[in-house]
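Q: Quick note: to get the numbering used here, add 1 to the position in the sequence shown (first position is 1).
Here it is, the structure, as structure tokens.
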Amino acid sequence: MSLGLALSATVFAAATTTPSSSPRVHPSRGTTLDRVVAVVNDGVVLESDLNSEVQAVSRRLRAQSVPLPAEQVVREQVLERLVLEAIQDQHANMPVSPCPTSRSTPPLQDIARRNNVSFEQLPDKLGDRRPGLRRLPQQSAA
């Protein structure tokens, strides 16, 4: 089963469940504090978060005098948004590995040569148009 299909199945299954109004109790397992409604890579979306967002969206729609769609529709759309936000948060927090200097320096040296400037002058030459280029890797002596 593909990741997208598995995620869709998880989201659909979670979205089609109705919110529980009280914690469920199982005699041998204790009290359920919360439920996972979607697994997003190494994170989760909790039922309590989904319920809170559904209530907030419903309040905003009522305040704007917008007709409310069926609660199930709202739940599915809110869950989809929470899953996408979790994916975006995870992606934003992924460590970034910079390009090794040994791989970035030769092309930059070629650009400097074609522009008739030294490697050291290149950031100043291009920095006016692209401020991020002011921090080029240092030329290695190797």
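Where is the CB? At the ideal position from N, CA and C, for every residue including glycine.
Small disclaimer: the values here were computed from a predicted structure and weren't measured.
According to DSSP, Ala39 sits in a beta bridge with which residue or residues?
A: Val46
Q: Would you list, in sequence order, the uninterrupted beta strand (DSSP E) runs of no fewer than 3 residues that lie entirely inside the segment 51-107?
A: none
Q: For Leu69, does the count of other Cβ atoms within 10 angstroms reach 16, so buried, or fall short, so exposed?
A: exposed
Q: What's the C-alpha gap between Pro108 and Val74?
A: In this structure, the alpha-carbon of Pro108 lies about 52 Å from that of Val74.
Q: For Leu123 and Ile112, I'd like the C-alpha separation in whole angstroms.
A: 8 Å
Q: What residues in its chain sit with their C-beta under 8 Å from that of Gln89, if we drop five residues either side in the sequence?
A: none
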